[in-house]
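K.L.:
If you read the sequence shown in the working numbering, its first letter stands for residue -8, the second for the next number, and so on.
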Amino acid sequence: MKLLRVIALFIFISVIAVAGYLYFNYARVTSGPLGTSSEKVRFEIEEGDTGTVILEKLASANIIKAKDIPYLKVFIRVNKVPDMKEGVFRIPQDLTASELFDLLQNPENPDIWITLREGLRKDTMAEILEEEFSKEEEGVFKADRFLTLTEDPAFIATLGLDIEGLANLEGFLYPDKYLFPKQATEEYVITVLVNTFITKTGGVYTYEDIIIASMVEREGMTNEDRPMIADIIKRRLDEGWLLQIDATLLYYYKDWKRVLTKEDLALDQQYNTYKRAGLPPTPICNPGISAINATKNPKANNYYFYMHSKNGTPYYGVTYQDHLLNISKYLR
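Below, the structure is given as structure tokens:
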């Protein structure tokens, strides 16, 4: 009798473990992006293709993973996804399951997916947008006009941003994955990006918040180090230290990969935080919500210096000597 109870308990625990494993994998597959690349893949559904055949073809096109097919079949049943339509599609590889199956309902989809990553400058955003829209016959978007509008005070005043006299939209063009009409104008695109910023932030921000968040975006690498870095930047600022942030200089040169020289560090220009105290005059990129939240809710610490090793691990120092020691240990 005791043996039977042990066996029954073992079976019960095994069933719970398997169910938990399956649920975890289902949630992982169906809640996040199915891939990591925003590159669009040509995909065709032919007459007579069944749901299983379509999923297998999606896997062959590297839009989904073959091992995820069983979970996507469950997703289709649970969410009563309508039959996918025959036709030709251009599909980004970083859609969620919901986004993918919505797209597969309309082979004549008049909209295009464009991904704008966190930490981009507005000039880089403009280049990406023009490149993507130019692939469509109906595309009218022009990078130059987009950039002109981002510095047009009269246009900016119509967007609902709660910053008096704002004359530059750098920092407020929210990075995300967007579905735009092929004929979208520059005004339309900017309005969508700014409205998304307002929605994501809840309308609670200051210009100083966004400037700091933009530096945190470029300087931080993870959700763990960004709040630490935000606190260091804020304390250095409050205590009158030079911020000495490389990313502000790189913004001035519009080149994130530039190797800074002694001459760069010595040049007296408004984005040189090695020479000028306080914040740069504008944000230096368009930060995501992680960097913005880190700035609003920094993690208190006693450090004044930070750096990352070649593998991205952060190291902090209280004194400049600590900082130099970290550099010698982890970067050389």
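Every residue, glycine too, gets a C-beta built ideally from N, C-alpha and C.
From a predicted model like this one, the values you see are computed outputs, not experimental measurements.
Could you tell me whether any Cβ in chain C is nearer than 7 Å to the Cβ of LEU322?
P.N.:
Looking at the structure shown, chain C is missing, and only one protein chain is on hand.
K.L.:
If we ignore side chains and look at the alpha-carbon of each, how far apart do LEU95 and ASN284 end up?
P.N.:
35 Å
K.L.:
What did DSSP end up calling ASN16 once you bin it into helix, strand or coil?
P.N.:
helix
K.L.:
From PRO144, ASN97, GLY110, pick the residue whose C-alpha is nearest to that of MET212; which is it?
P.N.:
Cα-wise, what sits closest to MET212 is GLY110.
K.L.:
Report buried or exposed for ILE55, applying the criterion of at least 16 other Cβ atoms within 10 angstroms of its Cβ.
P.N.:
buried
K.L.:
Is MET298 helix, strand or coil when you go by DSSP?
P.N.:
Of the three classes helix, strand and coil, the one that applies to MET298 here is strand, per DSSP.
K.L.:
Using the three-state DSSP reduction, which class does GLY78 fall into: helix, strand or coil?
P.N.:
Here GLY78 sits in strand by DSSP.
K.L.:
Answer with buried or exposed for ASN302, where buried requires no fewer than 16 other C-beta atoms within 10 angstroms of its C-beta.
P.N.:
exposed
K.L.:
What is the residue span of the beta strand (DSSP E) that TYR307 lies within?
P.N.:
TYR307 -> beta strand (DSSP E) spans 305 to 308.
K.L.:
Report the partner residues of PRO172 according to the DSSP bridge assignment.
P.N.:
ASP102
K.L.:
Going straight from the alpha carbon of VAL250 to that of VAL185, what length do you get?
P.N.:
32 Å
K.L.:
Between VAL20 and ARG68, what straight-line distance do the alpha-carbon atoms span, to the nearest angstrom?
P.N.:
Approximately 15 Å, taken between the alpha carbons.
K.L.:
Taking 7 Å as the cut-off, decide whether the C-beta atoms of GLN261 and PRO278 are in contact.
P.N.:
No. Outside cutoff.
K.L.:
Quick one: any contact between the segment 287 to 297 and the segment 210 to 229, if contact means 3 or more CB pairs under 8 Å?
P.N.:
yes
K.L.:
Look at the alpha carbon of ILE60 and the alpha carbon of VAL79, and state the distance between them as a whole number of angstroms.
P.N.:
21 Å
K.L.:
Confirm, please, whether the CB-CB distance from ILE82 to LYS173 is below 7 Å.
P.N.:
No; because the gap between Cβ atoms is not below 7 Å, this pair is not in contact.
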